[in-house]
Amino acid sequence: MKKATLVISFLCLFSGYVTAAPSPAEQEVAQAVDHLTQAMLHKDIPQLQALAAENLTYGHSSGKIQDKKAFIADIETGKSAFKTLEMKDQKITLSGDVALVRNHFSAQALKGTEVVPTEIENFLIWQKQKDGKWLLIGRQAFRF
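So the sequence shown is residues -20 to -1, 1 to 124, counted in mature numbering (1 follows the signal peptide of the UniProt record, and there is no 0).
Here it is in structure tokens:
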């Protein structure tokens, strides 16, 4: 009985340290999110074009909804600009060729010369295309 208790205690103690490694698809999606984040931060318009699906629906925490063209135009013109931009506490759920991503959007946004701290939650939908690339097809931000 003591041995069984010891084994169970040992398993309980270390069970929190054993987690499954992300799948290759989860790693690909995480990389796509990172590329999107960097493209938004650095105004990399060709990269934004490559990561966003033609039918993108991009929702802001204000309720404003944009298509791909309007989303990229705001980055290109500086209407949406960032001094810093980071996605935190990311969770990726895969369902076939669709990835659901939740993360915390932490930024120092720029409104002209004013720096505006921005802390919102994101829900992103990525789809693996026939060529194997993950494209952003939907995004909704919301305040918490």
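Where a beta carbon is used, it is the ideal one built from N, C-alpha and C, also for glycine.
Fair warning: this is a prediction, and the values are worked out from it, not measured in the lab.
Closer than 7 Å by C-beta to residue i: which residues in its own chain qualify, once you throw out the five before and the five after it? Chain order, please.
| i | result |
| --- | --- |
| D77 | Q107, K108 |
| F122 | S41, I100, E101 |
| L21 | F62, L65 |
| A12 | L31, W106, W114 |
| L116 | L16, L31, A32, A33, L36, L104, W106 |
Buried or exposed for residue i, please, with buried defined as at least 16 other CB atoms from any protein chain shown within 10 angstroms of its CB.
| i | result |
| --- | --- |
| N83 | buried |
| K48 | buried |
| S60 | buried |
| V9 | buried |
| V96 | exposed |
Starting from residue i and walking both ways along the beta strand (DSSP E), at which residues does that stretch end?
| i | result |
| --- | --- |
| A(-1) | Neither: A(-1) is in no beta strand (DSSP E) and is coded neither H nor E. |
| T73 | 61 to 75 |
| K91 | 78 to 91 |
| Q109 | Taken as a continuous stretch (DSSP letters only), Q109 belongs to no beta strand (DSSP E), as it is neither H nor E. |
| R123 | Unbroken run through R123: none, as it is neither H nor E. |
Measure the Cβ-Cβ separation of residue i and residue j and say whether it is below 8 Å.
| i | j | result |
| --- | --- | --- |
| A89 | W114 | no |
| L28 | I55 | yes |
| A87 | T73 | no |
| L36 | A19 | no |
Take residue i and list the residues in its own chain whose beta-carbon comes closer than 8 Å to its own, dropping the five residues that flank it on each side.
| i | result |
| --- | --- |
| D24 | Q18 |
| A34 | The residue you asked about is not Ala; residue 34 is Glu in the sequence shown. Answer for E34: K48, listed in chain order. |
Quick one: residues in its chain with C-beta nearer than 6 Å to the C-beta of residue i, no 5 flanking neighbours on either side, listed in chain order?
| i | result |
| --- | --- |
| G118 | T37, I105 |
Since residue i and residue j should fall inside the 8 Å C-beta cutoff, what is the C-beta to C-beta distance between them, to a whole number of angstroms?
| i | j | result |
| --- | --- | --- |
| M67 | F85 | 6 Å |
| G39 | Q120 | 4 Å |
For a cutoff of 8 Å on Cβ pairs, would you count residue i as touching chain C?
| i | result |
| --- | --- |
| G58 | Absent from the structure is chain C; it holds one protein chain and no more. |
Start and end of the alpha helix (DSSP H) containing residue i?
| i | result |
| --- | --- |
| F51 | 48 to 57 |
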